[in-house]
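Participant:
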Amino acid sequence: MEDDSSAEDMQHYSVAVSQDRDGFFRLTCPSCGLDFKIQSSDADLQHILEAQIRRVERDMKGEESEDSSTSLTCPYCGYRDALNEMYTEEAQEYFQRVVHRELIVPMMNDFANKLAKSWERGNRGSSSLISFEADTSREILPPRPIHGPEPADMKIVEFLCCGERAKIRDRWYAVNTCPFCKTNVQLS
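Here you go:
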């Protein structure tokens, strides 16, 4: 099967996602509603953003969501889900605003331009009772969304089973499962 997309169709965007001063990204468990953080590199954040853009695109097309290859376990209640299901409400809203500003608004402006030009070509020289005019000479984009700032709260826990680090609530000691590899653990 041949891929219809080409390098010319690919668009690049610069998006800033807030991490705390230790480089951790906030998540929320959809089951218990408690926040925790995972350490994330630029590559991790790129993966997170790409997954969210694909999710918004599927939602727009009415397609089913595909399973994410990355899943995490909540350190508080043990609930396991895809990483993109654990974004905070604020992060999800931010991703949606970025996609709206960078993809949807330009697509709508392009559609209006093409429709106006098509209408012009089809009605030249005729006396039509209906007229159509689209003023897209000045594309107005909504303000660029901002994410953050992210407070440096919670305590850092290093999981010896896999070497990964996470942040959990300061006074929480009932962590029984590693969020990354699902190994049973005990905090001391």
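According to full-length UniProt numbering, the sequence shown is numbered sequentially starting from 1. Think of the CB as a built atom: it goes at the ideal place given N, C-alpha and C, for glycine as much as any other residue. Just so you know, these numbers come straight off a predicted model, no measurement behind them.
What residues are listed by DSSP as bridge partners for E165?
Facilitator: Note on residue identity: the sequence assigns Arg, not Glu, to residue 165. Paired residues: E158.
Participant: Run through the segment 42–108 for me and flag every whole beta strand (DSSP E) of 3 or more residues, listed as ranges in chain order.
Facilitator: You should have 71–73, 80–82.
Participant: At what residues does the beta strand (DSSP E) containing Q39 begin and finish?
Facilitator: Segment 35–39, the beta strand (DSSP E) holding Q39.
Participant: Anyone know if the C-beta pair for I38 and A152 falls short of 7 Å?
Facilitator: In this structure, A152 does not lie closer than 7 Å to I38 by Cβ.
Participant: Go through its chain and collect everything with a Cβ distance to E158's Cβ below 6 Å, but skip five positions before and after it.
Facilitator: So the qualifying residues of the chain are R165.
Participant: Name the two residues that bound the continuous beta strand (DSSP E) containing L27.
Facilitator: Looking at the DSSP string, the run of the beta strand (DSSP E) that includes L27 is 24–28.
Participant: Report all residues from its chain with a CB closer than 8 Å to the CB of K30; omit the five preceding and five following residues, and keep chain order.
Facilitator: According to the sequence shown, residue 30 is Pro rather than Lys. Excluding positions up to five away in sequence, the list reads Y79, D81, E85, M86.
Participant: Where DSSP assigns a beta bridge to T177, which residues make up the other side?
Facilitator: Beta-bridge pairing links T177 to N184.
Participant: Measure the Cβ-Cβ separation of I168 and F36 and say whether it is below 7 Å.
Facilitator: Taking 7 Å as the Cβ cut-off, I168 and F36 qualify as a contacting pair.
Participant: Whole angstroms are fine: how far does the CA of P75 sit from the CA of P179?
Facilitator: Cα to Cα, the separation comes out at about 6 Å.
Participant: Could you say which of W119, Q92, Q52 lies nearest to T28 if we only look at CA atoms?
Facilitator: It is Q92 whose Cα lies nearest to the Cα of T28.
Participant: Is it the case that the Cβ atoms of Q52 and F111 are separated by a distance below 7 Å?
Facilitator: The answer is no: Cβ separation not under 7 Å.
Participant: Secondary structure at W172, three-state DSSP: helix, strand or coil?
Facilitator: Three-state DSSP puts W172 in coil, outside helix and strand.
Participant: If you check the beta carbons only, do H100 and V17 fall under 7 Å apart?
Facilitator: It is not a contact, given that the beta carbons lie outside the stated cut-off.
Participant: Helix, strand or coil for A152? Go by DSSP, reduced to three states.
Facilitator: Residue state, collapsed to three classes: coil.
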